[in-house]
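With full-length UniProt numbering as the guide, the letters of the sequence shown map in order to residues 1 to 292.
Cβ atoms here follow ideal geometry from the backbone N, Cα and C, with glycine treated the same way.
All remarks here apply to the structure that follows.
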Amino acid sequence: MLLLALPGLLYFLVFHYLPLFGYVIAFQDFQPFLGFAESAWVGLDNFAALFGDPRFWSALGNTLRITLVQLVLFFPAPIGLALLLHSILSDKIRRFVQSIVYLPHFIGWVIIVSIFQQVLGGAGVVPHLMDALGLPRYDVMTDPDAFPWLVALQVIWKDAGWGTIIFLAALLSIDQGLYEAAAIDGAGRWRRLWHITLPGITPVIILLLILNLGSILSVGFEQIVLQRDAVGPEAGEVLDTYVYFHGIRSGEWGTSAAVGLIKAVVGTALVLGANKVAHLFGQEGVYRGADK
Numbered sequence: 001m002l003l004l005a006l007p008g009l010l011y012f013l014v015f016h017y018l019p020l021f022g023y024v025i026a027f028q029d030f031q032p033f034l035g036f037a038e039s040a041w042v043g044l045d046n047f048a049a050l051f052g053d054p055r056f057w058s059a060l061g062n063t064l065r066i067t068l069v070q071l072v073l074f075f076p077a078p079i080g081l082a083l084l085l086h087s088i089l090s091d092k093i094r095r096f097v098q099s100i101v102y103l104p105h106f107i108g109w110v111i112i113v114s115i116f117q118q119v120l121g122g123a124g125v126v127p128h129l130m131d132a133l134g135l136p137r138y139d140v141m142t143d144p145d146a147f148p149w150l151v152a153l154q155v156i157w158k159d160a161g162w163g164t165i166i167f168l169a170a171l172l173s174i175d176q177g178l179y180e181a182a183a184i185d186g187a188g189r190w191r192r193l194w195h196i197t198l199p200g201i202t203p204v205i206i207l208l209l210i211l212n213l214g215s216i217l218s219v220g221f222e223q224i225v226l227q228r229d230a231v232g233p234e235a236g237e238v239l240d241t242y243v244y245f246h247g248i249r250s251g252e253w254g255t256s257a258a259v260g261l262i263k264a265v266v267g268t269a270l271v272l273g274a275n276k277v278a279h280l281f282g283q284e285g286v287y288r289g290a291d292k
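Structure, rendered in structure tokens:
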């Protein structure tokens, strides 16, 4: 069993844990041709420059806004879809529908953004339909106010089906005898859902919610950068694109590393804090507490 787990452990060691040492750049005036050893140490100067940059705060606000919308709209979507799929009695129909809703996950963001542009963009199907109906033309793809909702809609269309895998597995682990006993006692469909199904998958919901909080400052680079220019940096700049445009492209390696370190610290703190709150409510969360 340990040998089977070895490839996964090596993956996290090589691509996640070893790169953590690179955060030393956040405290240096890093020059690639000098390397870690020869680059000058600047202490917290990179963080001071970062916190004094209005573009950073704008990117942070946009990131939190998009994350909040995704948390409210996207996170419940796989749960609801999993409950609908689980309610289908025919195994063949359920497997067919599952295959259909999984497919968008394997489509690249370039294609997905192009599809939304062809449907909702200024020359898309929806604006032409609005013209035919005598309604004012509206291009949602260039509306800064609608951008967080547009991003959440795209994520739902792409990954809601894929996100049902874990919830479907949790639903299948619920003892079917509980449903039969509740039905005999006269419980209807909604009461069985409320008193059996939802409590049965609550630990999984809490676990995934805590893990999502860990990446609250990451909303996806590729999806955002493809649409950033359409809505303008004021609405489309997030921390990931800020690192690219104002850090890497400008050679500000220390500032870029400082943003990454802040994201890591905030994500870790949110995971630990949310996990502690889960323990207070009697849930295991990501890991068991000392009192368990």
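In the structure shown, A123 falls within a coil segment according to DSSP collapsed to helix, strand and coil. A direct Cα-to-Cα measurement between T67 and F15 gives close to 25 angstroms.
In the DSSP annotation of this structure, the continuous segment of the alpha helix (DSSP H) that includes G61 starts and ends at 54-73. In this structure, P144 is the residue among V238, P144, G188 with its C-alpha nearest to the C-alpha of V231.
Excluding residues up to 5 positions away in sequence, P148 lie with their Cβ nearer than 7 angstroms to the Cβ of R65 in the same chain. As summarised for the region 166-202, the continuous alpha helix (DSSP H) elements at least 4 residues long and confined to that stretch are 176-184, 189-192, given in chain order. As computed with DSSP, A132 is found in no beta bridge at all. Taking the Cα of D139 as reference, the smallest distance to any Cα among Y102, L193, G122, V155 is reached at G122. Scanning I165, L71, W41 for the CA closest to the CA of L85 turns up I165. Taking T268 as reference, the option from D229, R249, G236, I216 with the minimal CA-CA separation is I216. DSSP places V271 in the uninterrupted alpha helix (DSSP H) bounded by 253-280.
Scanning its chain for C-beta atoms nearer than 8 angstroms, with the 5 sequence neighbours on each side dropped, one finds around A77 the residues I156, A160, G163, in chain order. For A40, DSSP records a beta bridge to D29.
Per DSSP, the continuous alpha helix (DSSP H) segment holding P233 begins and ends at 233-236. The Cβ atoms of F74 and A152 sit closer than 8 angstroms to each other. Contact between the region 279-286 and the region 195-209 is present: 3 or more CB-CB pairs across the two stretches fall below 8 angstroms. In terms of Cβ geometry, A37 and D29 do not form a close pair [threshold 8 angstroms]. In terms of CA proximity to L261, S218 leads the group S218, D185, G134. Assigned with DSSP and collapsed to three states, M1 falls in coil, not helix or strand. Counting along the chain, D145 sits inside no alpha helix (DSSP H), nor does DSSP assign it H or E at all.
If you look at L85, you'll find it in the alpha helix (DSSP H) that goes 76-86. By the Cβ criterion, the region 188-198 is not in contact with the region 222-239, since fewer than three pairs of Cβ atoms, one from each stretch, lie closer than 8 angstroms.
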